[in-house]
Each structure stands twice: as C-alpha cells, then as structure tokens.
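One structure is given below, encoded as structure tokens.
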Amino acid sequence: MTFANIIGHEQQKKLLRQAWNNQRMAHAYLFTGAEGIGKRLMAIAVVRLIFCEKQTGCGTCSGCRRIDHNNHPDLHIVETDGTAIKIDAIRQLQKELAHPPLEAPRRVCIIDDADRLNPAAGNALLKTLEEPRAEVMLILISAHPDMVLETIRSRCQQLPFARLEQSMIAKVLSQQQIDDTQCQVLAALSEGSLKKALGSDRDFYIEQRKEVFKSLSALSVGSIVPMLELAEKWAADKEQLDDLTSVLLSCYRDIFLIVSQGSSSLLTNIDMQERIRQHAAKETPLSIQHKLEAILDCRYHLQRNVNRQLAMERLLIQLTQGPCGDQASRSQL
Amino acid sequence: MSYLVLARKWRPQTFADLVGQEHVSRTLANAITSGRAHHAFLFTGARGVGKTSAARILAKALNCEAGPAAEPCNSCQSCTEITSGHSVDVFEIDGASNTGVDDVRELRETLRYMPSQSRYKIFIIDEVHMLSINAFNALLKTLEEPPEHVKFIFATTEPHKIPVTILSRCQRFDFRKIPSPKVIAQLRRIVDAEQIEISDRSLALIAQRGGGSMRDSLSTLDQVVAFCSEQVADDDVQGLLGMVDRRLLFDALEGCMRQDCSMVLNVVRRVDDLGHSFRQFCQELVEVVRQTILCELVSDPQETLGLFGDELQALASLSKLANQDDWQRLLSMLIKTEAELSSSSFPRLLVEMTLVRAASLPPARDVAGLIRKVEALEGAFSSGTIPRPAPKSAAPVSTMIATGNQVVESVVSYGQQAAVAPPVTAPPVTAPPVTAPPVTAVQDWSGFVQLVRGSSPPLAAMLEHGSLLNMALPEMKIGFPAGSFLIAQLNDPSRRQRIEEIAQEAYGQKVTIVIETLGSRNEAPMSLVEAEKKKESDRERRLRDDALTHPTVKKAVEIFSGEIESITPIDKGFV
Ligand SMILES: [Zn+2]
Ligand SMILES: [Zn+2]
Chain A
342 MTFANIIGHE
352 QQKKLLRQAW
362 NNQRMAHAYL
372 FTGAEGIGKR
382 LMAIAVVRLI
392 FCEKQTGCGT
402 CSGCRRIDHN
412 NHPDLHIVET
422 DGTAIKIDAI
432 RQLQKELAHP
442 PLEAPRRVCI
452 IDDADRLNPA
462 AGNALLKTLE
472 EPRAEVMLIL
482 ISAHPDMVLE
492 TIRSRCQQLP
502 FARLEQSMIA
512 KVLSQQQIDD
522 TQCQVLAALS
532 EGSLKKALGS
542 DRDFYIEQRK
552 EVFKSLSALS
562 VGSIVPMLEL
572 AEKWAADKEQ
582 LDDLTSVLLS
592 CYRDIFLIVS
602 QGSSSLLTNI
612 DMQERIRQHA
622 AKETPLSIQH
632 KLEAILDCRY
642 HLQRNVNRQL
652 AMERLLIQLT
662 QGPCGDQASR
672 SQL
Chain B
1470 MSYLVLARKW
1480 RPQTFADLVG
1490 QEHVSRTLAN
1500 AITSGRAHHA
1510 FLFTGARGVG
1520 KTSAARILAK
1530 ALNCEAGPAA
1540 EPCNSCQSCT
1550 EITSGHSVDV
1560 FEIDGASNTG
1570 VDDVRELRET
1580 LRYMPSQSRY
1590 KIFIIDEVHM
1600 LSINAFNALL
1610 KTLEEPPEHV
1620 KFIFATTEPH
1630 KIPVTILSRC
1640 QRFDFRKIPS
1650 PKVIAQLRRI
1660 VDAEQIEISD
1670 RSLALIAQRG
1680 GGSMRDSLST
1690 LDQVVAFCSE
1700 QVADDDVQGL
1710 LGMVDRRLLF
1720 DALEGCMRQD
1730 CSMVLNVVRR
1740 VDDLGHSFRQ
1750 FCQELVEVVR
1760 QTILCELVSD
1770 PQETLGLFGD
1780 ELQALASLSK
1790 LANQDDWQRL
1800 LSMLIKTEAE
1810 LSSSSFPRLL
1820 VEMTLVRAAS
1830 LPPARDVAGL
1840 IRKVEALEGA
1850 FSSGTIPRPA
1860 PKSAAPVSTM
1870 IATGNQVVES
1880 VVSYGQQAAV
1890 APPVTAPPVT
1900 APPVTAPPVT
1910 AVQDWSGFVQ
1920 LVRGSSPPLA
1930 AMLEHGSLLN
1940 MALPEMKIGF
1950 PAGSFLIAQL
1960 NDPSRRQRIE
1970 EIAQEAYGQK
1980 VTIVIETLGS
1990 RNEAPMSLVE
2000 AEKKKESDRE
2010 RRLRDDALTH
2020 PTVKKAVEIF
2030 SGEIESITPI
2040 DKGFV
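Protein chains in written order, with this note's numbering: chain A, 342 to 674; chain B, 1470 to 2044.
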C-alpha cells in the first residue's frame, strides 16, 4: 500500500509527505475519521515510506514485502481482542518498544480502534506517548476520537480524515460494471465509506431498497395486521436491520429535503423520485422530522439489543402516522 | 536523527518558564527558600498545562547543588541529571503502569536508604489517580510518617479519583488552563527562536485550538510547521485546522434567521463537499453565534472576543438579522446538536435537521408576545369571573401549550402555513394591540398574581399566600396571616415598587399596594395557595376535558390545521 494507491485524502497525503521531507514526523499521530475510508491504509503507507529500502514504499523490497505480510519485526499492530484493548497488550507493547529497532530505522506501532483502549490501558500508554524512545513512532487510529481519552489526544498530532466524496466513490463503482444511476445511489448511501459501498450490502441497497419503501408506503394508518406482519418480517433478519434502517433513513431524508424545499440534486434515491414525492405531499416539516427521529431512535435501540420485533413495530407505528396524529402516538409509546 | 516535537524541546526548565501558573510557581518558590517545603505535593489540572514540567522543576530546585533555591541552576550535576532523566535520587514513576500494591511496596523498600548524592529522594508519580485502592493504602502509611529525606510529587488530571486520606496529606496545587494571550505570547517566543514566520492571527487560531493547553497548542503548531516548513501562510493554517470558511458559517446563520431552508441546505452540501467534519462545523457555528450575542453586550468586543480585521463589522450586521432571544435559542439548539454529533453515524442528517428546524421557527418575540397574551387570558380563565372568550380569538391555541419549548413546537406544527402567510405576530383576529388600554382581563386576584408571575416568579410565589382584601384603585390591599414572614418581605420598598409597576401596567393607572396583617377573624377570602389545595383533587381531569372540548381550541385547530400536541397544566391555580 502506497500513498498513490489510496483513494482521496490528498491533503493528508501531502501533509504526511511534507512532514517526512521536512524531517518533522511527529512521534505520535492520531488518525481520525469514519470507518472504512482508508485511515489504516494510510498508516500502513506511512510505515512503508519509513521502512522501505528505497524510501519510496516501492512494494518490492524486503522491507515493504514484510510489512504487507504483516511479519516485519519493527512494526507492531495493536488491535482489540473483540471488545477492548487491555493493559496487558500495552505492557507487552512497551516491552517491545523498549528495544532499538532490528531492521528498520524506527519501530512503529499502529493502534487500531484506539477508542477501545480501556481506562487502565489508555492511562498506561500516556508516558509512552509523551516521551517514547527516540526511534519509536506511534500511530493511533479511531473512528470515534471523542471517546479517546483527552490526555491521549493531547499527546498526539491529530490528523482528521474526511469521508470520501460521493463522486469519488461513484467513480470507483463505475469501474465495476454498475449502471450510472445505481452508482450514484450507492455512492450516496455509502456515507463516504468505500468499505460500505464495495461491501456485500450492495445487492441489498440496489435491489431491495425499492421493495422496502414500497411495502412501507403500502401500509395505511389503520392496517394493524399487515403492519405487524411487516414488522415481524423485518425483525427476522437480524443481520440486515442496520442496512434496512439506513435505507429507510435515506428515503425519509429525501422526503424531508423535498418538504424543506431543498434542491432535488440533494436527493439520494433518484431512481424512486416519483414515489418519494407522492409521499412527501402527505408530510409536514414537523411530522417528517419526527419520523426521522423515530428511525434514529430505532437504530439507537437496536444497537443496544432491544427486542427487535418490538422496535420494528414501534417504528412502523410511528412511520405510518399521518401528520396529525404522530405526536399523540409518540407520547403513548 | 529523529525530530523532537516542540512540546518536548520547549519543556519549561525553570519556574519562570512555566507559563500561566504563576500562582503555583510563587508559592513553591517561597516554600523552598524558607525551608518549609511540604513532604508531599499534589499537582492537579487539565492536560498539558505544565504539571509534569513543574514536578521536574521542583525536584531540581529541591536537589540543586546551588540550592535549595527558588529556581534550579540547571547546570549542576543534579540538575542536568534530572533533566536527562538519569538522576539516581529522583524517581519518575508512571502511576498508570505501576498501579498495584506490590509496586508501592517496592517503592517503600527504597525509602529506607538515604539519598546517594542529593539532599532528597524524590518520587514523582504521574497519573497517580490510576493507583489501586490497596496501593493508595500502602502509600498512605508512608505519607503519615514520611522520612525526613523523602519528597513526593503527585500529578493527575483527575483529583476526584484520589482518596481523601491521601488528599489531606498533600499540599495541593491546582494548575489552571492557560489564557489565550499567554499561550500566544509563548508561541510567539518559540516561533521566533525557531525562525518560523507566522502571523499573529494564525497563532491565535492555533491557541484557540489548543483550548488552554500549552502542549495541545504546541502539537498543533508542530503540525502546521511540519506541513509548511519555516514560512506559514494563514490559508494553510485554516486548511490544516479544518476550519470552515467564515463565509459558509455566516451563510448558514443568515439562512436560519431569514427562514430560508434551501439556503441552509445548500450550505450543508458545500460543507460536506469541502470535506469538513460536521462536528467541527457545528462547533464553529456555536462560536460565531456566541460572538454574535456577545458583540452586542460587551463594551469592547474587538478586544474581548479577540477579533481581527473586519470580523466585528460582519458580526454586527449578522446580529441585526434577529433579536437576542432568537440568537440564544439558536445557540442552545446548536449546542445540543454538537453534543449529539459526537456519537452519531449520520452527522450530515443531524445538522440538516437542526438547521432546517431553526430556519422554520418564527421569531422568538412573536412567541414571547403570544405567551404574554396567553398569560393574561389565563388570569381571566382562572377567576371564572370572565366569560370564556368567543371562539374567534386565536390566542387560546396557545393555552394548550405551556413551557417555552412546547410553544415552539406547536407553532411549528402549523408553521408551514404560517411561514408562507404573514407570521403570527399580530393576526387580525387577536383582540387588543399590546399598547392599547391595558389588559382589562386582570380584574381578579389570581389573574393578577398570574401576571406578576410573568415578570417575576418569586414575587408571584409570595403573593400566592396572600388574599386580596380590597380592590379600590388606585389602592390594592393585600392581606397575610399574622406572623407571616412574607409581610416583611413584601414591605421591602423595591419589591413593593416592582408589584406596583406591574399593577400599573395592568390597570393603566398608578396603583398603591398596601400590605395588611389579617386578624384572627376569618373575614379574608382564601389565598391562592389555600384555594389550590381544595381544587387539587380532580383538577387534572377537568382541565383536560375543558381543554379538549373548548370551542376555541377546536376552532383554533381547524383554522391552523394544527394538532394538539399535549395538554400541560400551565400553572397551579389555573383551572
Ligand atoms: Zn520498498
Ligand atoms: Zn542545579
């Protein structure tokens, strides 16, 4: 992985390259930004730059190859053991960092998901972060920097990574034999994460998205039984709920934008415009905001493992309310 | 070979270098020179404000061969060894890595031996809050009977995690966040010494990002210099800090205040296209709104707010778009959103929702006007002396909505039409204009108390305990039970004057308030508090029924195609 292979993040590349050229690489970085946009790839690219025998990250020298195969003795990668990074991992790391590098000019440690450092581990890392051995460099990575200890953040140079622009994702997708409209929809739905756009969810996003919205708009206010059935059907597929709710969110955001007189170029589901506009005619600015909040709430609860069936039923009740009744149902539930 | 970051290179080596902690330096220097140095110190304060540096300086000053002196000489063997971290008598311990009781036992073992070269054996324990409770207990024994030749210096960002027994045995020093001008001055010294060209404005931005922490500020400066090398352009700094172009911020706020949803949505799109973080965008919006509010309030905004160039002028014209209430309301919405953004997976959507909501709100003065009218009407209702208003009046819509927030929501609910049609300020159906003859509705006692509540809830709370004995304008006689402390309270000239002012406004003539003591005879009408107790039982149900079936409410719902969002008792005493 070299800088050239990473899509986007031109400013971050330039910044790291400049620091390298000016010999002002910091000893501790914190790369921040959403999941799946290339932070870790960038960290690896930096390591290659430092370890490469030709100092280019050529990819062919033994230094580069050993990085790619993840068996370079001077590269340490710390990850979560599922839930957290614990103090043992940090103690182990500190032992290793205490020795001079074996082959490369520096020892580099990448700590992925640094927000998962538990308090003991995070505090134990502080001294290392502030004054490590001269040849040590640490790169911390986090999609939730606000959950990283403030005292850790303060000891790192923070480098924020933006989500990838939709056009950039669409361009990558278009090389994969997907038609233009679908490219655009997918790019908008991916929330700037290439991992998401290229992932296994693609089929769901393209094919089932219309189905989801259609079955939802087919429900009328009083039709309790069909509603319960739909809730049951949706709740059954646990793995898909995250995608399902983000699809709903995208449709309702479109409605919200239409109701708020936003330009139609802002819309995500451009292939479903007609149906969405029909729906928008029935909403008021307030009712649509409540529905968006209902979906966000639902996602929040699902992440906390509530009864899925219950969560979906509640969501559907809220979504099928007409603009006049939604407040009442909110207070009941 | 490796580059030493500025924060390490410029770590203060004397108390004089320690920026922004003069109160600490002075006390410590005095203690050392007078030979009355405590045996245990606790340094607390935010990250990166100089705690560890101060601990090392103190260690040097205590052990300096030319001392003990107020400042270390930094040239004797002891000083240089401490600076390089090689002193045999100064132990720097990472509290977070040595948390156990065994670690402390080991430490206590070494205490028994006299220092090998210096005056004191000094233990600096950083992140001391991470010690286990057993470790603290082991430490406590030492602190209770410390050997003469030992000094402890503890440093922590979280003093609340340290047991009281330990706290009480330490001399505590609270390190402050460093004020911006001091940070900027220190940055200036450093960049000059490093021969880096950078403007004051950029340094101010860097200091602002540092949030009162010298280390954070220096990290940011490092990052800027790493990118720009020795010549730093303002634009680069803005870009590097991910600062949002001020034009975008102003456009967003203007859109909110001009109630232009599509303008607001366009700004959000531009912010996204430029790759800004929405959290940062929101934080900067908060800052601009704060400045907008303050620039009207402080006497020297340029200086107080640290504004550069034409920023003040821009703020002033932004501020004119709405009144202070509107800005305050927007500020609280943005602050709430900013907090939610930290954990949201849909930052753009959240910002869109908040800004569109802000742009759909009617100006706050309209809402405030409504509330005032409603309150006047409530007074009338509660007495029952006033016939219920004819269903034509629009005002009772809002009797359904009590607190500020709900009013806002409700107004929005019919706001779609309202936003297109002329705003709700003064619909023709509303009865008397505010300036015209005062609110004649206030003819009874509870109505009056209600009115007082509008401008001073504490005063109203006092009046609730009184009864109206006689109302013969210009005199209002109010009675209180004998011995009530409220009599003295209300006879206070400023309070009485306040009530008289409100009464004058209500009745359109000068009013004199007379506070009387009630005799034992039971001639006085019930006070509101007493009346309230009687009514309490089925009040809620009646209130609800009344509200729902009230023709005015029904009509209002129809006129505005509104919705009844909730029924909230507006105030005790209102039935
Ligand atoms: Zn190579
Ligand atoms: Zn000395």
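Heads up, the beta-carbon is just placed ideally off N, CA and C, and yes, glycines get one too.
query	result
Go through the region 1541-1615 of chain B residue by residue and report every complete run of the alpha helix (DSSP H) that reaches 4 residues or more, in order.	1546-1553, 1570-1580, 1602-1613
Closest Cβ-Cβ distance between phenylalanine 1696 of chain B and chain A: below 7 angstroms?	yes
Under 8 angstroms: do the region 1491-1504 of chain B and the region 463-483 of chain A share three or more Cβ pairs, one atom per stretch?	no
Ligand 1 and glycine 540 of chain A: does any heavy atom of the ligand fall closer than 6 angstroms to the residue's C-beta?	no
Can you give the Cα-Cα distance for isoleucine 452 of chain A and isoleucine 426 of chain A, rounded to whole angstroms?	9 angstroms
Could you check what DSSP says for alanine 425 of chain A in three-state terms: helix, strand or coil?	coil
With distances taken Cα to Cα, identify the nearest neighbour of arginine 649 of chain A among A:Cys592, A:His620, A:Ala577, A:Asn610.	A:Ala577
Counting pairs of Cβ atoms below 8 angstroms between the region 1970-1983 of chain B and the region 2019-2026 of chain B, do you hit three or more?	no
Using a beta-carbon distance below 7 angstroms, is tyrosine 1589 of chain B in contact with chain A?	no
Which residues, in order along the region 405-424 of chain A, keep a beta-carbon less than 7 angstroms from a beta-carbon of chain B?	none
When you check each C-beta in the region 573-591 of chain A against every C-beta of chain B, which residues fall closer than 7 angstroms?	Leu590
Hey, how far is the Cα of arginine 1477 of chain B from the Cα of isoleucine 617 of chain A?	58 angstroms
What do you reckon, are the CB atoms on glutamine 364 of chain A and tyrosine 1472 of chain B nearer than 7 angstroms?	yes
Tell me whether the region 1810-1830 of chain B and the region 1700-1714 of chain B touch, counting them as touching only if at least three CB pairs, one residue from each stretch, are closer than 8 angstroms.	no
Please look up how many angstroms separate the CB atoms of valine 1559 of chain B and asparagine 1532 of chain B, rounded, as I've assumed it's under 8 angstroms.	7 angstroms
From the DSSP output, which residues share a beta bridge with arginine 1641 of chain B?	B:Leu1511
Starting from cysteine 497 of chain A, trace the alpha helix (DSSP H) in both directions and tell me its first and last residue.	It is not in any alpha helix (DSSP H) - cysteine 497 of chain A carries neither H nor E in the DSSP assignment.
Which stretch, first to last residue, makes up the beta strand (DSSP E) that contains arginine 618 of chain A?	Premise fails: arginine 618 of chain A lies in the alpha helix (DSSP H), 614-621, not in any beta strand (DSSP E).
Going straight from the alpha carbon of lysine 536 of chain A to that of proline 1481 of chain B, what length do you get?	46 angstroms
Checking 7 angstroms against the spacing of the C-beta atoms, do cysteine 405 of chain A and arginine 389 of chain A come in under that value?	yes
Less than 7 angstroms between the C-beta atoms of glycine 1948 of chain B and leucine 1938 of chain B, yes or no?	yes
Name the DSSP beta bridge partners of serine 534 of chain A, please?	Serine 534 of chain A pairs with nothing; no bridge assigned.
Can you give, in chain order, each stretch of the beta strand (DSSP E) that sits fully within the region 1624-1708 of chain B and has at least 3 residues?	1640-1643
Quick check: is the beta carbon of valine 1474 of chain B nearer than 7 angstroms to any beta carbon in chain A?	yes
In the DSSP assignment, what residue or residues form a beta bridge with glutamate 1458 of chain B?	Given that chain B is displayed from residue 1470 to residue 2044, the structure contains no residue 1458 of chain B and the question cannot be resolved.
Check each residue of the region 1649-1661 of chain B: if its Cβ is closer than 7 angstroms to any Cβ of chain A, include it; give the result in chain order.	none
Beta carbon of alanine 1604 of chain B, beta carbon of valine 1660 of chain B: below 7 angstroms?	no
Counting Cβ pairs closer than 8 angstroms, one from the region 1673-1690 of chain B and one from the region 1514-1524 of chain B, do we hit at least three?	yes
Classify serine 1879 of chain B: buried if its beta carbon has 16 or more other beta carbons within 10 angstroms, exposed otherwise.	Its pLDDT being 42, under 50, serine 1879 of chain B is placed unreliably in this model, and the value from its coordinates should be taken loosely. Serine 1879 of chain B comes out buried.
Give a yes or no on whether 7 angstroms exceeds the smallest Cβ distance from alanine 439 of chain A to chain B.	no
For a contact defined as C-beta to C-beta under 9 angstroms, what are the partners of asparagine 646 of chain A on chain B?	None at all; the shortest Cβ gap to chain B is about 17 angstroms.
Would the region 1485-1494 of chain B count as touching the region 592-610 of chain A if we require 3 or more Cβ pairs under 8 angstroms?	no
Measure how close the beta-carbons of isoleucine 1982 of chain B and methionine 1945 of chain B come, nearest whole angstrom, since I'm counting them as under 8 angstroms.	5 angstroms
Between the region 433-452 of chain A and the region 466-474 of chain A, are three or more C-beta pairs nearer than 8 angstroms?	yes
Taking the straight line between their C-alpha atoms, what separation do you get for tryptophan 361 of chain A and leucine 1609 of chain B?	48 angstroms
Decide if the region 1530-1550 of chain B is in contact with the region 1583-1591 of chain B; the criterion is three or more beta carbon pairs, one per stretch, under 8 angstroms apart.	yes
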